Amino acid sequence: MKNLSICVLGGTGFVGRHLCAELVKRGHQVKVLTRRREQHRELLVLPSLQLIQADVHNETHLKQHFNNCDAVINLIGILNEKGHKGNGFHIAHVELSRKVITMCSSCKVSRLLHMSALNASPEAKSFYLRTKGEAENYVHTYAANKIAVTSFRPSVIFGVEDSFMNRFASVLKFTPGVLPLACANTKFAPVYVNDVVQIMADSLTDTSSFGERINLCGPKQYSLKDLVKYVATMSGHKRIIFGLPNWLSKLQANVLEYVPSKPFSIDNYHSLQKDSVCDGESICMTPLESIVPSYLQQDRNYSLLDRFRAKR
Ligand SMILES: NC(=O)c1ccc[n+]([C@@H]2O[C@H](COP(=O)([O-])OP(=O)(O)OC[C@H]3O[C@@H](n4cnc5c(N)ncnc54)[C@H](OP(=O)(O)O)[C@@H]3O)[C@@H](O)[C@H]2O)c1
Numbered sequence: 001m002k003n004l005s006i007c008v009l010g011g012t013g014f015v016g017r018h019l020c021a022e023l024v025k026r027g028h029q030v031k032v033l034t035r036r037r038e039q040h041r042e043l044l045v046l047p048s049l050q051l052i053q054a055d056v057h058n059e060t061h062l063k064q065h066f067n068n069c070d071a072v073i074n075l076i077g078i079l080n081e082k083g084h085k086g087n088g089f090h091i092a093h094v095e096l097s098r099k100v101i102t103m104c105s106s107c108k109v110s111r112l113l114h115m116s117a118l119n120a121s122p123e124a125k126s127f128y129l130r131t132k133g134e135a136e137n138y139v140h141t142y143a144a145n146k147i148a149v150t151s152f153r154p155s156v157i158f159g160v161e162d163s164f165m166n167r168f169a170s171v172l173k174f175t176p177g178v179l180p181l182a183c184a185n186t187k188f189a190p191v192y193v194n195d196v197v198q199i200m201a202d203s204l205t206d207t208s209s210f211g212e213r214i215n216l217c218g219p220k221q222y223s224l225k226d227l228v229k230y231v232a233t234m235s236g237h238k239r240i241i242f243g244l245p246n247w248l249s250k251l252q253a254n255v256l257e258y259v260p261s262k263p264f265s266i267d268n269y270h271s272l273q274k275d276s277v278c279d280g281e282s283i284c285m286t287p288l289e290s291i292v293p294s295y296l297q298q299d300r301n302y303s304l305l306d307r308f309r310a311k312r
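Numbering (this note's numbering), first residue to last: 1 to 312.
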């Protein structure tokens, strides 16, 4: 396969670190734009990766770095905003995606991989899913026949250094006895990050994926309560997980929305009103149970990049 020059936005995050390691392994030249280069210097262990400080919301910066690229990958996304009215989501998802595709066009970049989310839709009640849906529609409509766009719509993603499993492990650690869990019956089909990044990396040159929106789910479905119970067992924090009724879930969201760092927000509550599962068969086959114990149970302090170093 031809070695490509790829600019990655959001390459310093959980999915981004895994994806960049995979792209480098495949021989591609990778440029990661970050707002805070100093905080992500561990990525520099990856040969053929350049880590560049840039304001991704500034079109001039985007243009400068998209020039001469074969492909752009936009992984930027937020689960919570500072305010409460959706402006932060709009800027991070819709406005940024608009700038990215416009600059792809202006720099003659012919391939864009766009990270969305399962259930993203302009009709969704949560700002997260609504703005993800608007962004996805925008890039596909704008691209028309000029730019080959593929969107990826994963359920929750697990893997070394994920936010979902590790976050619940930390919550459980500091929970005395009983954890009151909101939206406990919502279903997920957790998908393994390595499956996600393999599909993304393969799609770069796979013309059958051009223009497609690909739902990504793992092989099994679990309720949120089952997942949290599993995390509790794996991380050694045995707790009683108590599923809250809907009205108390909503109340919890309304209270925690105003706690600094928003451990659970009204927008999270709205996102969790719909199961995050795929119709039909899954294309990502790695089961949760074959991966999660390795990082929740044993080597919690062994980072992804340490693994990369060890393999070289
Ligand atoms: N993780 C999941 O379970 C999951 C599930 C479904 C969909 N997704 C989507 O997959 C993508 C990657 O997820 P992730 O878990 O890897 O996210 P992440 O770890 O939070 O990383 C996102 C990256 O985006 C950049 N970023 C965050 N907020 C930004 C802002 N306001 N403006 C500009 N850049 C910003 C950050 O880079 P710098 O700080 O270096 O600039 C960060 O490294 C997101 O779009 C997410 O919505 C994730």
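Every residue gets a Cβ at the ideal spot worked out from N, C-alpha and C, and that includes glycine. Quick caveat: nothing in here was measured; it's all calculated off a predicted structure.
In terms of side-chain proximity, the C-beta atom of residue 41 is found no nearer than 6 Å to any non-hydrogen atom of ligand 1.
For residue 152, the pairing in a beta bridge is given by DSSP as 115 and 214. Comparing alpha carbon positions, the residue from 288, 8 and 146 closest to residue 105 is 146. Proximity of the segment 157-167 to the segment 182-200 meets the contact definition, three or more beta-carbon pairs being nearer than 8 Å. With a cut-off of 6 Å, the C-beta of residue 263 is classified as distant from ligand 1, since no heavy atom of the ligand falls inside that distance.
Secondary structure note for residue 31: its beta strand (DSSP E) is the uninterrupted segment 29-34. Remark: C-beta atoms of residue 292 and residue 221 do not approach each other more closely than 7 Å. Assignment of residue 235 by DSSP, reduced to helix, strand and coil, places it in the helix class.
By the Cβ rule, the segment 203-215 counts as touching the segment 108-118, because three or more pairs are nearer than 8 Å.
Taking 6 Å as the cut-off, the C-beta of residue 200 does not count as close to any heavy atom of ligand 1.
A Cβ-Cβ distance of about 30 Å is found for the pair residue 218 and residue 141, leaving them out of contact under the 8 Å criterion. Collapsing the DSSP output to three states places residue 144 in coil.
Nearest C-alpha to residue 37 among 24, 23, 55 and 29: 55. Here the alpha carbon of residue 33 sits roughly 13 Å from the alpha carbon of residue 67.
Only residues of its own chain outside the window of five on either side were considered, and among them 131, 132 and 135 have a CB closer than 6 Å to the CB of residue 93, listed in chain order. With a cutoff of 6 Å, residue 103 does not count as near ligand 1, since its C-beta is closer than that to no heavy atom of the ligand. Here the C-alpha atom of residue 10 lies approximately 5 Å from the C-alpha atom of residue 76.
At a threshold of 6 Å, residue 76 counts as near ligand 1, since its beta carbon sits closer than that to one of the ligand's heavy atoms. Pairing residue 18 with residue 231 gives a Cβ-Cβ distance that is not under 7 Å. Closer than 6 Å to some heavy atom of ligand 1: that describes the Cβ of residue 117. Taking 7 Å as the cut-off, the beta carbon of residue 225 is found closer than this to the beta carbon of residue 184. Close CB contacts of residue 50 within its chain, under the 6 Å cut and outside five residues either way in sequence, are with 31 (chain order).
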